[in-house]
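S.K.: What follows is a structure written as structure tokens; I'll ask about it next.
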Amino acid sequence: MLYFIEQCLNGVQLGMLLFLLAAGLTLIFGIMDLVNLAHGSLYMLGAYFAATFAAFTDSFVLGALLALVATAICGMVLEVIAIRPLYGRPHLDHVLGTFGLLLFFNELVRLVWGPAGMTLSLPSEMLTAVQIIPGLYYPLYRLVIILVALAVAALLYVVVMRTRLGMLIRAGASNREMVGALGVNIKLLYTLVFGLGATLAGFAGLMQAPILTVQIGMGENILILAFVVIIIGGIGSIRGAFVAALIVGLIDTLGRAFLPDVLHSMLSVDAALTLAPAISSMSIYMLMAAVLVFRPEGLFPAASR
Amino acid sequence: MKAARKAFGVPLPASWFTPRAALPALVLVILGLVPVYAAATGDPFALTLFGRIEILSIAAVSLNLIMGYGGMASFGHAAYLGIGGYAVGILWKEGIASGFVQWPAAIAVSALFALVVGALSLRTRGVYFIMITLAFAQMVYYVAQGLDRYGGDDGMTIGGRSSFAGIVNLNNATQLYYLCFALLLASLFLVWRLVNSRFGLIIQGARSNERRLRAIGISPFRYKLVCFVIAGGLCGLSGALLANHTNFISPAMMYWTRSGDLMVMVILGGLGSLFGPLLGTVTYLLLEEALSRVTEYPGLFIGPALLLVAIFMHGGIEGLFGARRRD
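Same order as they appear, the protein sequences are chains A and B. One point on numbering: in the working numbering, the residue at position 146 of the first sequence is 146, and numbering is uninterrupted. Counting the second sequence from 1 gives a position; the working numbering is that position plus 1000.
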């Protein structure tokens, strides 16, 4: 039972990271109608920046903050130079262009930081485990990820639902032309939204960095998971992204944790160990396929698209 | 000319000698002469490189059939490459080396998979279609990772090429090359016949306006599904060729970036033009090869080049010759 709770927490933690990535993606998708395959590159950049700045300043927190700023700047510069001409074009042109950006960033990172990965080590006070309920110790850092991501989610909710910028974002998601016609500086709004998305992606990357290694292509796998999240949640819906990210995170983690035992009752140990991760990864895509077949607009469709 | 029209059963263009027709013709002639060059210079690498180009061209031609003509943007096309390759690899491992079994199996399994994927995903539109095809391809990717007996995550080396009872010997690099060349020509011919038939008109009609098509009493779903299945089978054949070409299969053949590569080749060449995928594949793979010889970081140049093509070149390479953009 304790093991189950621990794995649930792991699932929630993965879900929170996916939410950070998917929130930006769903905003960019919902508002600018842009298929951004380079979103995972910003995730990767965030992690590399954090590893570099943390080594430079000798402080994890300072390094993380600098990395956030750097990723935000990168995102906005990228938007102005490369992304802006793609708005309003067919989705396939987005795929071609942002796929090119993905190749470019992978190579750029290899040029700047070298082909070997990096590590981002945690401050020593983060390396402890805390007792959540009697008998269950959970790594403090993973708990911090969950709490910080929840705080970001709450902040995002407040920004989107309670501020003028958020009002414009929501308006942009439901009717872009009308927002532009009402005299809003739509170019600036797009740049800001892209920068916000980039920052969230970079944040997810740097939070994940101490748990996994920082390496080239680290954003590619998780990008597809983030796409799955926003399709399940409904394109343009942050609330949908939150719920779907939790579902996907829990399915993936619990599948990996418990399927081997379940399968073991039917198969040999080796077969169960190789099949289980494959099945749990597949189950996410099956869920998405089922959602698309039965609720094509996602679980929480954004209003009137 | 009249006789030719009758023989092919479709209208032939009035003149063949336009710049638009000359480039693909030149490319095909060069592809046909590569083995001569390889024999003259004793450089077998040209055969490997251009053989790969031919094989991936077949895959791109099949993707163009659904994406360019049919408006069905499949982001999971590498799955069929993988299924075709794994059909060859798995049958070899189980002791069946005959190409007469392996290749039809590769085509049949790919077509069957396309039938399932198509039946489910053709209910969705636009970007949802892109994503659901991607999802199915990822499922196959993870299945391949789970196939412990056939190499799992690391992939598997295939110890022998498909045997065709002495008719063609695939262990001879030149024969394998010309087989790929012939199949490339055949697949171009197949797509040409398809898109100029009544069936092809319905497919293209479904791309431009499905509602009007319904209004004149045609339900496009079955036609699109058949088209999707044909493309899947053709790409499965390309996968069988690829497995023979590299003697190796691995889940990486169908990772989502491979599907992205195929999409890039088709869009780069020009969506919905017969020779576009061929030109796109040749350009993309030769550019990659040339750049990796002069620089350690080819992606630094290919990436921005693709972006520039997306921004400025409407209609890809074929669009340069004034082909109207089909969308």
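Ideal Cβ positions, reconstructed from N, Cα and C, are used throughout, including at glycine. Fair warning: this is a prediction, and the values are worked out from it, not measured in the lab.
#1: Mind checking if ARG1123 of chain B is an interface residue toward chain A, Cβ cutoff 8 Å exclusive?
#2: Looking at the secondary structure, which residues open and close the beta strand (DSSP E) in which TYR138 of chain A lies?
#3: On the DSSP bridge list, what partners appear for ILE1249 of chain B?
#4: Within 10 Å of its beta-carbon, does MET167 of chain A have 16 or more other beta-carbons around it, so buried, or fewer, so exposed?
#5: Anything in the segment 1138–1171 of chain B with a Cβ closer than 7 Å to a Cβ of chain A? List those residues in chain order, please.
#6: Could you check whether the Cβ of ALA1323 of chain B sits closer than 8 Å to any Cβ belonging to chain A?
#7: Would you kindly work out how many angstroms separate the C-alpha atoms of SER304 of chain A and LEU1234 of chain B, rounded to a whole number?
#8: Check VAL130 of chain A in the structure and name its three-state DSSP category.
#9: Buried or exposed: GLN1102 of chain B, going by 16 or more other Cβ atoms within 10 Å of its Cβ?
#10: Are the segment 1268–1278 of chain B and the segment 1302–1320 of chain B touching, with three or more C-beta to C-beta distances below 8 Å?
#11: Contact criterion: CB-CB distance below 8 Å. Does ALA173 of chain A meet it with respect to chain B?
#12: What is the rounded straight-line gap between the Cα of ILE1090 of chain B and the Cα of TYR1037 of chain B?
#13: Let me know if SER265 of chain A comes out buried or exposed under the rule of 16 or more other beta-carbons within 10 Å of its beta-carbon.
#14: If you check the beta carbons only, do THR119 of chain A and ALA51 of chain A fall under 8 Å apart?
#15: Report the rounded CA-to-CA distance for LYS187 of chain A versus ALA55 of chain A, giving the unit in angstroms.
#16: MET118 of chain A by DSSP, collapsed to three states: which one?
#17: Whose Cβ in chain A lies nearer than 7 Å to the Cβ of VAL1127 of chain B?
#18: Per DSSP, what kind of secondary structure is SER281 of chain A in: helix, strand or coil?
#19: What is the rounded straight-line gap between the Cα of LEU20 of chain A and the Cα of PHE194 of chain A?
#20: Report back the beta-carbon spacing between PRO260 of chain A and LEU273 of chain A to the nearest angstrom; my notes put them in contact at under 8 Å.
#21: Chain B beta carbons: is any one of them nearer than 8 Å to that of GLY97 of chain A?
#22: Go ahead and pull the three-state DSSP assignment for SER1292 of chain B.
#23: Alpha carbons only, please: which of A:ALA67, A:ILE232 and A:VAL35 is nearest the one belonging to PRO296 of chain A?
#24: Per the DSSP calculation, SER1163 of chain B is bridged to which residue(s)?
#25: Which same chain residues end up closer than 6 Å to MET126 of chain A when comparing Cβ atoms and leaving out the 5 residues on each side of it in sequence?
#26: Once DSSP output is grouped into helix, strand and coil, what is the label at VAL184 of chain A?
#27: Ignoring anything shorter than 4 residues or poking outside the segment 1062–1128 of chain B, list the alpha helix (DSSP H) runs there in chain order.
#28: Using a Cβ cut-off of 8 Å, pull out every chain B residue sitting near PRO85 of chain A, in sequence order please.
#29: Does DSSP put VAL95 of chain A in a helix, a strand or coil?
#30: Counting contacts by CB-CB distance shorter than 8 Å, is ALA1073 of chain B in contact with chain A?
#31: Where does the unbroken alpha helix (DSSP H) through ALA38 of chain A begin, and where does it stop?
#32: Tell me, please, whether the CB atom of GLY1280 of chain B is closer than 8 Å to any CB atom in chain A?
#33: I need the boundaries of the alpha helix (DSSP H) containing GLU220 of chain A, first residue and last residue.
#34: When Cβ atoms are compared, which residues of the segment 221–246 of chain A fall closer than 8 Å to chain B?
#35: Looking at C-alpha atoms only, which residue of B:VAL1229, B:GLY1099, B:PHE1248 and B:HIS1314 is the closest neighbour of GLY1339 of chain B?
#36: Report the CB separation of GLY298 of chain A from ILE235 of chain A in whole angstroms; it is logged as a contact under 8 Å.
M.R.: According to the structure shown:
#1: yes
#2: 136–139
#3: DSSP, once it has assigned bridges, lists B:MET1156 as partnering ILE1249 of chain B.
#4: Exposed, because fewer than 16 other Cβ atoms sit within 10 Å of the Cβ of MET167 of chain A.
#5: Cβ contacts with chain A: GLN1138, MET1139, TYR1142, VAL1143, GLN1145, GLY1146, ASP1148 and GLY1152.
#6: Residue placement at ALA1323 of chain B is flagged as unreliable, the pLDDT there being 49, under the threshold of 50; the coordinate-derived value follows with that caveat. Not an interface residue.
#7: Reliability fails at SER304 of chain A, whose pLDDT of 42 lies under 50, so the model's placement of it is uncertain and the value that follows must be treated cautiously. Roughly 40 Å separates the two Cα atoms.
#8: strand
#9: So GLN1102 of chain B counts as buried.
#10: yes
#11: By this cut-off, ALA173 of chain A is not an interface position.
#12: 35 Å
#13: When all chains shown are included, SER265 of chain A counts as exposed.
#14: yes
#15: 36 Å
#16: strand
#17: VAL35 and HIS91
#18: SER281 of chain A sits in a helix when the DSSP states are folded into three classes.
#19: C-alpha separation (whole angstroms): 14 Å.
#20: 6 Å
#21: yes
#22: helix
#23: Checking every option, the nearest Cα to that of PRO296 of chain A belongs to A:ILE232.
#24: B:SER1098
#25: LEU140 and TYR141
#26: coil
#27: 1078–1093 and 1099–1121
#28: ILE1311
#29: Reduced to three states, the DSSP call for VAL95 of chain A is helix.
#30: yes
#31: First-last for ALA38 of chain A: undefined, no H or E at that position.
#32: no
#33: GLU220 of chain A -> alpha helix (DSSP H) spans 218–233.
#34: Result list: ILE224, PHE227, VAL228, ILE231 and ILE235.
#35: Only positions 1001 to 1327 of chain B appear in the structure, and residue 1339 of chain B is not among them; the question remains open.
#36: With a Cβ gap of about 7 Å, GLY298 of chain A and ILE235 of chain A count as contacting.
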